[in-house]
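J.:
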Amino acid sequence: MDSKEVAELIKAHVDDVRIVSERRIFTTSDTQRLKSILLALKTAGVTHLSTITGVDRGNAVDVIYHFDCRPAILNLKIPLPKDDLKIFTITDIFPGAILYERDLMEMLGVKVEGHPDPQRLFLPDDWPEGEYPLRKEFKRGSK
Amino acid sequence: MTFVVPIGPQHPALKEPEYFRFEVKGEEIIDLHVRLGYIHRGIERALQERSYIHNIYLSERICGICNVAHTTAYCQAIEQLAGVEVPDRARFIRTILCELERIHSHMLWAGVAAHEIGFNTLFMLFWRDRELVLDLKEMISGNRQTSASNTLGGVRRDVKPEYVPTMLRVLDKLEKATKYYIDVCSSDRTILARCMGIGVLTKEDARKLCIVGPTTRASGVDVDIRRDDPYAAYDEISFKVITEREGDVLAKVIVRLREILESIQIIRQALKALPSGPLRVKVAPKIEPNEALGHVEAPRGELLYYAISNGTEKPERVRVRTPTYANIPSFKPMFVGGTIAEIPIVMASIDPCFACTDRVTLVDSRTGKAHVVSFNELRGRIK
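So the sequence lines, in the order shown, correspond to chains A and B.
Residues 0 to 142 (numbering that gives the first Met the number 0) make up the first sequence, in order.
Residues 0 to 382 (numbering that gives the first Met the number 0) make up the second sequence, in order.
Here it is in structure tokens:
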């Protein structure tokens, strides 16, 4: 699917759609509508989740899913408020998300509900609870 | 009754530190647990604390072997952020460098794989011929390994016309050698006995677990970023995407060796079609708020850089997803059901490149129980 076809497929579930080129599409949605987007993508034959990015935006954390819709790359942003940093796992629909969700949990402190193996991935076992290296407030040496 | 066999973080079968916990019943592997992070250097955080120019050199050091793929993906993402078009000559030079890197990376891997199955003569031969490619890289970029050629807006060094005859001559030599190696690897009894039907990754698992690169192509998944999301000059060059159906270690060997032949063809075409013109355009140090994605087929598979700018000379965020990170979930289906003797070669078969800090596993010799201790605890015990 190219960017226009992807936009057509998910337009009912997303807010702003920005098509940069035939192969790059950026869009925003929320947790309520995420499931229907994932199912629509799966039904359309998308199988490849390239990765998940977490970005600290001050009062919110943006969770961005990068789907390879071949040839288009869909960048789907889900902003989560800092006082309610929760999102459900997508591993039941895209099993390839398993490590990226663990990464998201330890690096940004986003709670991924229903994750089958919510352990640390990169950080050492004695890393203090509540310290998230990719948060803005994290300072080097604060450990 | 099952036993736990810990492999790593330091182990002769591993070229880099990572911890694998195999649960075995007799000789058979029944479960596997992977622990990453032994060489995690916090580069994603470091990228957002440095300027765009400084980050070229930092991204280049994420991986020693595929440094050109990293800088290509990084520069591509930042050039899209800034809305800059790279000159044609630079696009072709990037293609040549990327393919030279792929050849040397695949030959390095083939040597390591031969060593893992105890075939050290073949290991020496692969690494001898890999020197030819490193010499070419040195000729173009000034360095055998870390080329430092890519920069924002183009490349720093030119492929001079006087280099071309030497390059073509060396490519002919490499082509002949690779054809010979393909013949050896598909007919030698020792290689067949150690690689055929071992560490199989099915097409369904490869798709389901989002596996990338030669590992997924060896399972019959027809995907290659160079063709599907062309960058540099790949949209002006014709080449085949190599796939094999079997998904075993042998298929992964053959896919990589056949990719070397394709890379040689790509370099020949790029040298022939090399346009004249400038090598680079200027990129302003500050970039207005934007987001972009760099996407490259590194030697080990899909490499992705996602960058967000905020109007300053430093990025708001750079996300890097390396191919080996994406391929870690493939270990489980490849190992479970196999035997302990297969561990080194199956582990090597995805061409792992672990770039990811400080812990030790202590195994109690009386009970056989493994216990992970922190660096401070270990230091306490030594005192």
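In this text, a Cβ means the ideal position worked out from N, Cα and C, and glycines have one as well.
(1) If V207(B) and G95(A) are in contact, beta carbons under 8 Å, what's the gap, nearest whole angstrom?
(2) Would you please verify whether the beta carbon of S49(A) is less than 7 Å from any beta carbon of chain B?
(3) My output table needs one value for A232(B): the three-state DSSP class, helix, strand or coil.
(4) Name the chain B residues whose beta carbon is nearer than 8 Å to that of L120(A)?
(5) Is there a Cβ from chain B that is less than 7 Å from the Cβ of R134(A)?
(6) Looking at R225(B) and E115(B), is the spacing between their C-beta atoms short of 7 Å?
(7) Which two residues bound the contiguous beta strand (DSSP E) that contains R320(B)?
(8) Taking any Cβ of chain A, which residues in the region 194-226 of chain B have a Cβ under 7 Å from it, in chain order?
(9) Please give the ranges of any alpha helix (DSSP H) in the region 76-150 of chain B, keeping only runs that are unbroken, at least 4 residues long and fully inside the region.
(10) Give the interface partners of I97(A) over in chain B, defined as CB-CB distance under 7 Å, in chain order.
(11) If L133(A) sits next to L107(A), beta carbons under 8 Å apart, how far is it from one beta carbon to the other, in whole angstroms?
(12) Starting from R225(B), trace the alpha helix (DSSP H) both ways and give me its first and last residue.
(13) How close, in whole Å, do the beta carbons of H294(B) and D234(B) come, if the pair is a contact with beta carbons under 8 Å?
(14) Please state the DSSP three-state secondary structure of S218(B).
(15) Alpha carbon to alpha carbon, what distance is there between S20(A) and L33(A)?
(16) At the level of alpha carbons, what is the spacing between I52(B) and P284(B)?
(17) Would you please verify whether the beta carbon of R60(B) is less than 7 Å from any beta carbon of chain C?
(18) Can you tell me whether T88(A) is helix, strand or coil according to DSSP?
(19) Quick one: give me the first and last residue of the alpha helix (DSSP H) that P160(B) is part of.
(20) Do you know how far the Cα of S2(A) is from the Cα of P80(A)?
(21) Taking the C-alpha atoms as reference points, what is the distance between T30(A) and I86(A)?
(22) How many Å lie between V169(B) and C62(B) at the Cα?
(23) Of all the options A45(B), P11(B), L46(B) and V4(B), which has the alpha carbon lying nearest to the alpha carbon of E26(B)?
(24) Can you tell me where the beta strand (DSSP E) with V111(A) in it begins and where it stops?
(25) Under 7 Å between C-beta atoms, does D228(B) make it to chain A?
(26) Using a Cβ-Cβ cutoff of less than 8 Å, which residues in the same chain neighbour I259(B) once the five nearest sequence positions on both sides are dropped?
(27) Which residues does DSSP list as the beta-bridge partners of L79(A)?
(28) Ends of the beta strand (DSSP E) at A291(B)?
(29) With 7 Å set as the bound, which would you pick, yes or no: does the beta-carbon of Q9(B) sit closer than that to a beta-carbon of chain A?
(30) Along chain B, in chain order, which residues have C-beta atoms closer than 7 Å to that of N58(A)?
(31) Assuming the contact rule is C-beta atoms closer than 8 Å, P86(B) and G36(B) should be a hit. Round their C-beta distance to whole Å, please.
(32) What's the C-alpha gap between L167(B) and V67(B)?
(33) Please tell me whether T46(A) has its Cβ less than 7 Å away from any Cβ of chain B.
(34) K391(B) by DSSP, collapsed to three states: which one?
(35) Confirm, please, whether the CB-CB distance from V33(B) to F21(B) is below 7 Å.
(36) Verify whether the separation of the beta carbon atoms of T189(B) and G219(B) is less than 7 Å.
T.: According to the data block:
(1) Correcting the residue type first, residue 207(B) is Lys in the shown sequence and not Val. Yes, they are in contact, since the Cβ atoms of K207(B) and G95(A) sit about 7 Å apart, within 8 Å.
(2) yes
(3) coil
(4) L35 and G36
(5) no
(6) no
(7) P314 to R320
(8) R206, K207, L208 and C209
(9) 87-115 and 119-140
(10) P328
(11) 5 Å
(12) I224 to D227
(13) Actually they do not touch by this definition, with Cβ atoms about 13 Å apart.
(14) coil
(15) 23 Å
(16) 8 Å
(17) Reference to chain C is not applicable here, since the protein chains of this structure are A and B.
(18) coil
(19) Unbroken run through P160(B): none, as it is neither H nor E.
(20) 28 Å
(21) 7 Å
(22) 26 Å
(23) V4(B)
(24) K110 to E112
(25) yes
(26) R101, I102, H105, M106, L173 and T177
(27) V60(A)
(28) N289 to A297
(29) no
(30) The premise fails here: N58(A) is roughly 15 Å from chain B at the closest Cβ pair, so nothing lies under 7 Å.
(31) Not a contact, Cβ separation roughly 40 Å.
(32) 21 Å
(33) yes
(34) This structure leaves residue 391(B) out entirely; chain B is present only between 0 and 382.
(35) no
(36) no
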